[in-house]
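Working notes, structure below.
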Amino acid sequence: MAAADRRIVFLGPPNSGKGTQAAILAKDLGIPAISTGEMLRSAVAAGSSLGDRVKDVMTRGDLVNDELMAEVIRDRLSQSDALTGFLLDGYPRTAVQAATLEEILGGINADLDDVVLIDAPEDVLVTRALGRGREDDQEHVVHERLRVYREKTAPLIDFYEVKGLLRRISGDQPIEEVARQVKASIGAEVG
Ligand code: AMP
840 MAAADRRIVF
850 LGPPNSGKGT
860 QAAILAKDLG
870 IPAISTGEML
880 RSAVAAGSSL
890 GDRVKDVMTR
900 GDLVNDELMA
910 EVIRDRLSQS
920 DALTGFLLDG
930 YPRTAVQAAT
940 LEEILGGINA
950 DLDDVVLIDA
960 PEDVLVTRAL
970 GRGREDDQEH
980 VVHERLRVYR
990 EKTAPLIDFY
1000 EVKGLLRRIS
1010 GDQPIEEVAR
1020 QVKASIGAEV
1030 G
């Protein structure tokens, strides 16, 4: 299928496998996978001023504020590789961020094509997180990240469902099977 002009958002709780699936699909479609979490972790690792501003919030499992995230995403989406299509992994995460994204897309006369929700039962998410060993994967932080997801991000599911954009996939399956279902759900060629 043509990669051009495909704009996709991946939604889901931490450890649903959303990042892995986002990377697989973006590669298949030939569009950039834009992970705000990865961008922020690199900023922290590089010791940049952005990194310094977000480090503590991330370590707590909380969300970086919407204004700062708006700067980050505007800047990234204005880069040339994202102009004809992109896959967002980890943005938007709040209603305000969803509005910011609509505003950015409106500015370039573009629309989202699909919002892929990858979800899994809570016990699966927690078990996966504790096996992963990232700095924000300590047990109390894992629970905090899930709490924040349910409170701030999960409401976006209805927001996108009403728009007819939501594709729901179970992340509690082998990676290849999830990838197959993701592709089928957005009407991409399978295989
Ligand atoms: P992730 O890798 O997507 O789970 O992101 C890791 C951490 O980065 C999150 O727990 C947040 O602290 C921060 N973060 C990433 N994306 C966003 C976003 N869109 N809004 C606010 N905080 C974010």
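Numbering (the numbering used here) for the sequence shown: 840 to 1030.
Backbone N, C-alpha and C fix where the C-beta goes; we use that ideal spot for every residue, glycine too.
Since the structure is predicted, the reported quantities are computational estimates derived from the model, not experimental observations.
With a minimum length of 4 residues, the unbroken runs of alpha helix (DSSP H) contained wholly in the segment 909-958 fall at 934-946. For the pair of segments examined, the segment 956-964 was found to touch the segment 853-861: the number of CB pairs separated by less than 8 Å reaches three. Looking at the backbone, the Cα of leucine 916 and that of valine 1021 are separated by about 23 Å. In terms of CA proximity to isoleucine 943, Glu910 leads the group Asp953, Gly929, Glu910. Counted as a single uninterrupted DSSP element, the beta strand (DSSP E) harbouring alanine 872 occupies residues 872-874.
Not a single heavy atom of the ligand AMP lies less than 7 Å from the C-beta of valine 981.
Proximity of the beta carbon of serine 874 to the ligand AMP is indicated: a heavy atom of the ligand is located closer than 7 Å. In the DSSP assignment, isoleucine 847 forms a beta bridge with Leu926, Asp953.
At the C-beta level, glycine 900 and aspartate 975 come within 8 Å of one another. In this structure, the CA atom of leucine 1004 is about 5 Å from the CA atom of valine 954. Checking the 7 Å criterion, the Cβ of proline 871 is out of range of every heavy atom belonging to the ligand AMP. The beta carbons of tyrosine 930 and methionine 908 sit closer together than 8 Å. A buried status is given to alanine 968, since no fewer than 16 other beta-carbon atoms sit within 10 Å of its beta-carbon. Alanine 1027 is a Cβ neighbour of aspartate 867, given a cutoff of 8 Å. Collapsing the DSSP output to three states places serine 881 in a helix. With a beta-carbon spacing of about 6 Å, alanine 937 and phenylalanine 998 fall inside the 8 Å limit used to define contacts. In its chain, beyond the 5 residues on either side, no residue has a beta carbon closer than 8 Å to the beta carbon of glutamate 1015.
Distance from the CA atom of leucine 922 to the CA atom of threonine 966, rounded to whole angstroms, is 38 Å.
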